[in-house]
Every structure is written in structure tokens, then in C-alpha cells.
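With my numbering applied, the sequence shown closes on residue 321, and no number is skipped along the way. Just so you know, even glycine gets a beta-carbon here, dropped at the ideal spot from N, CA and C. Down below is the structure, laid out as C-alpha cells.
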Amino acid sequence: MTKPPSKEFEDSIRHAGSLVTTCEFCGRTYFCTWEHGDYEKGELEELRTLAKKEPNKYIEITDANAQSWGYIDGKQFVIGCPCNSARKYEDWILEHRYLIADYFKDRAERLKKKLEHEVGISEAINELSKNLDKFSKCIKEAKASKMDFPSKQGQRKVKAR
Ligand SMILES: [Zn+2]
Numbered sequence: 161m162t163k164p165p166s167k168e169f170e171d172s173i174r175h176a177g178s179l180v181t182t183c184e185f186c187g188r189t190y191f192c193t194w195e196h197g198d199y200e201k202g203e204l205e206e207l208r209t210l211a212k213k214e215p216n217k218y219i220e221i222t223d224a225n226a227q228s229w230g231y232i233d234g235k236q237f238v239i240g241c242p243c244n245s246a247r248k249y250e251d252w253i254l255e256h257r258y259l260i261a262d263y264f265k266d267r268a269e270r271l272k273k274k275l276e277h278e279v280g281i282s283e284a285i286n287e288l289s290k291n292l293d294k295f296s297k298c299i300k301e302a303k304a305s306k307m308d309f310p311s312k313q314g315q316r317k318v319k320a321r
């Protein structure tokens, strides 16, 4: 029999809790009846009938109103399900932890370099933008200073008087 996944791994998988949930690895269906569950008419009776026929496949949980579950490898896994299907993924991760650690380290370094490059571009754009501000200020000042002197047209008008 497979060992159960660790609590840490189950906590990482845990996504939600449901009144009725099926483990997609083994097909077991869990239904909770601790507090009056929100079952549709006849649904609970049907589940109890199925549980009588196949007690290992339909499991009534009388001390909770939701059964935890989560996804792993695209399939719904019920937390605590005795098929222990999540264990093989945990074992794989543990067995390849150095490879995985190296992989994430490489990814992080590549991402860091990319971000540094982008920060460099961003700083260059900021510098350019500051220079553009200075440039446009210079143009404004130049235009303003020209207005202090009479234009050629203005000079002609003066002569025309
Ligand atoms: Zn299962």
C-alpha cells in the first residue's frame, strides 16, 4: 500500500471543500452529513443507497460539512483519500529536488538579468525624457526671448509710420 502524502503536501494541494466530492484518481465519492447539507431532493438518499451497495466507493462523512480537495496533475484529489495518489507526485518532487532547485535557480537568474536589462532601458528612457524636458524648456525660452525683440514685420510696420 502506498504511503499517504505528507501534511505539508496535502496543504499545498488543498484548494477548496465541498459537500460532495469525488477523487478523480480512484473514483471514491465523499458526501458530508454533519450539518444538514444543502442536498437536492433525493440526492442524499441516493448517495446513501449507493454507499450501502459499495461502501468502499461511496463514503459518508458524518463529522464534517465539507470535504477538502485540490488539483494535482489536472485531476481532483480528495485530501485524506486512502488511494494516496498524491504521494507519487510528492515522492517525485523529493527525488528530483536538486534538479528542481537548479531549475528554479536558473530561471530566477535569467529573470533577474531580464529585469536588470529592463530597468536599464527604463532608466535610459527616464534620462531621455529629462533631456527632452530640458530641450523643450530651452525651445520655450528661446521663443519667449525672440518675442522681446521686434520681428522683421514689426520693424517694417515701424518704418511704415
Ligand atoms: Zn482517491
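- prompt: What separation, rounded to the nearest whole angstrom, lies between the Cα atoms of V279 and S289?
  reply: For this step, residue 279 is matched to residue 119 along the sequence shown. For this step, residue 289 is matched to residue 129 along the sequence shown. The straight-line gap from Cα to Cα measures roughly 15 Å.
task: Could you check what DSSP says for Y218 in three-state terms: helix, strand or coil?
output: Here residue 218 refers to the residue found at position 58 of the sequence shown. It is a strand residue.
task: Round the Cβ separation of Y190 and I219 to the nearest angstrom and send it over; I've been treating them as touching at under 8 Å.
output: Translated into positions along the sequence shown, residue 190 becomes position 30. Translated into positions along the sequence shown, residue 219 becomes position 59. Their Cβ separation, rounded to whole angstroms, is 5 Å, which keeps Y190 and I219 in contact under 8 Å.
message: For K163 and R247, which I take to be in contact (beta-carbon distance under 8 Å), what is that distance rounded to the nearest angstrom?
response: Looking up residue 163 in the sequence shown gives position 3. Looking up residue 247 in the sequence shown gives position 87. At roughly 6 Å, the Cβ-Cβ gap stays under 8 Å, so K163 and R247 are in contact.
- request: Starting from R174, trace the beta strand (DSSP E) both ways and give me its first and last residue.
  value: Residue mapping note: residue 174 aligns to position 14 of the sequence shown, counting from 1. Note, R174: beta strand (DSSP E), 174 to 178.
Reduced DSSP secondary structure (H/G/I, E/B, other) of W252: Taking the sequence shown and counting its residues from 1, one reaches residue 252 at position 92. If DSSP states are grouped into helix, strand and coil, W252 belongs with the helices.
- prompt: From what residue to what residue does the alpha helix (DSSP H) around T209 run?
  reply: Start at 1 with the first residue of the sequence shown, and residue 209 comes out as number 49. 203 to 213 is the span of the alpha helix (DSSP H), which, as asked, contains T209.
- request: Please indicate yes or no: does the CB of V238 lie closer than 7 Å to some heavy atom of ligand 1?
  value: Numbered from 1 along the sequence shown, position 78 holds the residue referred to as residue 238. Yes, the Cβ of V238 comes within 7 Å of a heavy atom of ligand 1.
message: Taking a contact to mean a Cβ-Cβ separation below 8 Å, would you say L216 touches G197 in this structure?
response: Start at 1 with the first residue of the sequence shown, and residue 216 comes out as number 56. Start at 1 with the first residue of the sequence shown, and residue 197 comes out as number 37. What sits at residue 216 in the sequence shown is Asn, not Leu. No, the pair does not count as a contact, with Cβ atoms beyond the cut-off.
- prompt: Relative to the C-alpha of E195, which residue among F264, T209, S178 is closest?
  reply: As a working mapping, residue 195 is identified with position 35 in the sequence shown. Here the closest residue by C-alpha is S178.
message: Looking only at its chain, what residues have a beta carbon closer than 6 Å to the beta carbon of T182, apart from the 5 residues adjacent to it on each side?
response: In the sequence shown, the residue the question calls residue 182 occupies position 22. Short of 6 Å from the beta carbon of T182, and not among the five residues preceding or following it, lie these beta carbons of its own chain, in chain order: T189.
- prompt: If you check the beta carbons only, do V238 and W252 fall under 8 Å apart?
  reply: For the purposes of this step, residue 238 is taken as residue 78 along the sequence shown, with counting starting at 1. For the purposes of this step, residue 252 is taken as residue 92 along the sequence shown, with counting starting at 1. Result no, Cβ atoms of V238 and W252 do not sit closer than 8 Å.
task: Give the C-beta separation of I221 and T193 to the nearest angstrom, bearing in mind that I take them to be a contact with Cβ-Cβ under 8 Å.
output: Taking the first residue of the sequence shown as 1, we reach residue 221 at position 61. Taking the first residue of the sequence shown as 1, we reach residue 193 at position 33. Their Cβ separation, rounded to whole angstroms, is 7 Å, which keeps I221 and T193 in contact under 8 Å.
message: Mapping the DSSP letters down to three states, classify C192 as helix, strand or coil.
response: Within the sequence shown, residue 192 is the residue found at index 32, counting from 1. DSSP places C192 in strand when its eight states are reduced to three.
task: Return yes when at least one heavy atom of ligand 1 lies under 7 Å from the C-beta of R188, else no.
output: Counted from its first residue, the sequence shown places residue 188 at position 28. It does: the Cβ of R188 is within 7 Å (strictly closer) of some heavy atom of ligand 1.
field: Close Cβ partners of L204 (< 8 Å) along its chain, the five nearest in sequence each way excluded
entry: Translated into positions along the sequence shown, residue 204 becomes position 44. For L204, where only same-chain residues beyond five positions count, the Cβ hits under 8 Å are F191, T193, G197.
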